[in-house]
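**Q** In the numbering used here, each residue carries its 1-based index in the sequence shown increased by 444. Even glycine gets a Cβ: it sits at the ideal position worked out from N, Cα and C. Remember, it's a predicted structure, so these values are computed and weren't measured experimentally.
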Amino acid sequence: MKPEELEALKERALKELSSAKNLADLEALRVKYLGKKGEITQALKSLKDLPLEEKKTVGAKLNELKEILEEFYKEKKNSLLLEEEDREEGIDLTLPGRKPERGALHPLTQTIEEICEIFTRLGFEVVTGPEVESDHYNFTALNIPEWHPARDMQATFYLKNGALLRTHTSPMQIRAMLERTPPLRIIAPGKVYRCDADVRHSPMFHQVEGLMIDDKTSFSDLKGILSFFAREIFGEKTKVRFRPSYFPFTEPSVEMDISCVICDGKGCRVCSQTGWLEILGAGMVHPEVLKAVNYDISKWQGFAFGLGVERIAMIKFGIDDIRLFFDNHLNFLESFK
Ligand code: FA5
Numbered sequence: 445m446k447p448e449e450l451e452a453l454k455e456r457a458l459k460e461l462s463s464a465k466n467l468a469d470l471e472a473l474r475v476k477y478l479g480k481k482g483e484i485t486q487a488l489k490s491l492k493d494l495p496l497e498e499k500k501t502v503g504a505k506l507n508e509l510k511e512i513l514e515e516f517y518k519e520k521k522n523s524l525l526l527e528e529e530d531r532e533e534g535i536d537l538t539l540p541g542r543k544p545e546r547g548a549l550h551p552l553t554q555t556i557e558e559i560c561e562i563f564t565r566l567g568f569e570v571v572t573g574p575e576v577e578s579d580h581y582n583f584t585a586l587n588i589p590e591w592h593p594a595r596d597m598q599a600t601f602y603l604k605n606g607a608l609l610r611t612h613t614s615p616m617q618i619r620a621m622l623e624r625t626p627p628l629r630i631i632a633p634g635k636v637y638r639c640d641a642d643v644r645h646s647p648m649f650h651q652v653e654g655l656m657i658d659d660k661t662s663f664s665d666l667k668g669i670l671s672f673f674a675r676e677i678f679g680e681k682t683k684v685r686f687r688p689s690y691f692p693f694t695e696p697s698v699e700m701d702i703s704c705v706i707c708d709g710k711g712c713r714v715c716s717q718t719g720w721l722e723i724l725g726a727g728m729v730h731p732e733v734l735k736a737v738n739y740d741i742s743k744w745q746g747f748a749f750g751l752g753v754e755r756i757a758m759i760k761f762g763i764d765d766i767r768l769f770f771d772n773h774l775n776f777l778e779s780f781k
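1. Look at the alpha carbon of D658 and the alpha carbon of I723, and state the distance between them as a whole number of angstroms.
2. Thinking C-beta only, is T694 closer than 8 Å to Q745?
3. Tell me F649's beta-bridge partners as DSSP assigns them.
4. Less than 8 Å between the C-beta atoms of E483 and L461, yes or no?
5. Report yes if the C-beta of S614 is less than 7 Å from at least one heavy atom of ligand 1; otherwise report no.
6. Contact defined as beta carbons within less than 8 Å: I believe L655 pairs with Q617. What is the distance between those atoms, to the nearest angstrom?
7. Would you kindly work out how many angstroms separate the C-alpha atoms of V737 and I588, rounded to a whole number?
8. Could you pull out every unbroken beta strand (DSSP E) segment of at least 3 residues lying fully inside the segment 693-748, listed in chain order?
9. Applying the 10 Å Cβ sphere with the 16-neighbour rule, what's the burial state of T611?
10. What do you reckon, are the CB atoms on E575 and K667 nearer than 8 Å?
11. Taking 7 Å as the cut-off, does the CB of E695 come closer than this to any heavy atom belonging to ligand 1?
12. Is the beta carbon of S614 closer than 8 Å to that of G750?
13. CB Y517 to CB R474, shorter than 8 Å?
14. So what does DSSP say about V570, is it helix, strand or coil?
15. Classify P626 as buried or exposed, calling it buried when 16 or more other Cβ atoms lie within 10 Å of its own Cβ.
16. Short check: CB of E569 to CB of R619, under 8 Å?
17. If I measure Cβ to Cβ from F663 and keep anything under 8 Å in the same chain, skipping five residues before and after, which residues do I get?
18. Helix, strand or coil for F686 per DSSP?
19. Check for me: the alpha helix (DSSP H) holding F563 runs from which residue to which?
20. Look at the alpha carbon of L525 and the alpha carbon of L467, and state the distance between them as a whole number of angstroms.
21. With respect to the alpha helix (DSSP H) encompassing R595, which residues constitute its N-terminal and C-terminal limits?
22. Exposed or buried, what is R755 when buried is set at 16 or more other beta-carbons lying within 10 Å of its beta-carbon?
23. May I ask you to check if the CB of R713 is nearer than 7 Å to at least one heavy atom of ligand 1?
24. Might you give, ordered along the chain, the residues of its own chain that have their beta carbon closer than 7 Å to the beta carbon of F770, omitting 5 neighbours on each side?
25. Rounded to the nearest angstrom, what separates V502 and K446 at their Cα positions?
26. Run through the DSSP bridge pairs and tell me what D771 is partnered with.
27. If you run the structure through DSSP and keep just helix, strand and coil, what is M758?
28. Out of curiosity, what's the CA-to-CA distance linking L768 and D740?
29. Along the chain, where does the alpha helix (DSSP H) that runs through R474 open and close?
30. For E577, which beta-bridge partners are listed by DSSP?
31. Report all residues from its chain with a CB closer than 7 Å to the CB of A607; omit the five preceding and five following residues, and keep chain order.
32. Can you find the residues in the same chain that come closer than 8 Å, C-beta to C-beta, to H592, ignoring five residues on each side of it along the sequence?
Right, dumping it as structure tokens:
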């Protein structure tokens, strides 16, 4: 066999092997070139008729070609096997790759972060504290002694050792004042617990407490800061109003309403036709509370507020059942990505 014939044989064999579509085609080509009666085997057999010198050179080249073809055959067989496996498993190699699913922050976490961000811009420090509280911090120090009927306003979960699950974030007012010297501005987000459950009430929910103590802080500061907050979180056009209310730890006390974001204040089912939605309780810190932390009431004064995070999130995202936040259905959670 002449060198150019060998080269042509190599090219033809590699071309055919590489275009084999399946294992059966490939096997036929193996037989054609490398089988007992295959072209390479036949050529090797016919070496015996050649003169010694030629036998050596052509023989070496033929063996080299045989090795190349065998290696190529093996690789091709592996790749056809993999393709066949994929087909059996129903994998369509022409499909685009799957993107990994991305998670997102829970809507309540998003709301808490937004609230904290707004107050941080106004110089408030974010603090956190325990969910298992003592009677003293949750009630007594907040001017709610044991006999006080206001204790019944918040149905409390008591623990065996006399401790309780905090019913509001207001104990953080006491903790923050004891840990700092005035002036101070803090907000305290966190979980609170009450024996209470329906479409608007959950036994565990979130509040954000706010407290500002200074030597001049007045009711105007309370109104200004809370109005600013409402416009930041619900939009520039939001109107606010303050109604007189009662909390034992503030005097005077108010509740703040915002104009209904659903009907723009015209009256709808969500705002019970009033045009207003209540979002928080607030007031000037009661002197008895300042006394409980040994603050000089002739020098220091301030305001506090407590808002329900679920309430804010329900208004913001147009959700009418509080339980959706805790059922953790993926369809619901994915709509907040
Ligand atoms: C308080 O808890 C006071 N500590 C707020 C406060 C702080 C007033 C500082 C003055 C100064 P109230 O019980 O109204 O107040 O609760 C505040 C908010 O928590 C309510 O407006 C409501 O949005 C939310 N809330 C109350 N109970 C539930 C509940 N079971 N599920 C979901 N949200 C609730």
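**A** Looking at the atomic coordinates:
1. 25 Å
2. no
3. V636
4. no
5. yes
6. 5 Å
7. 15 Å
8. 694-703 and 720-729
9. buried
10. no
11. no
12. yes
13. yes
14. strand
15. buried
16. no
17. P696, M728 and F747
18. strand
19. P551 to R565
20. 8 Å
21. From DSSP, R595 is part of no alpha helix (DSSP H); its letter is neither H nor E.
22. buried
23. no
24. S646
25. 8 Å
26. Paired residues: none, contrary to the question.
27. helix
28. 46 Å
29. L467 to L478
30. L608
31. V576, E577 and S578
32. F583 and P692
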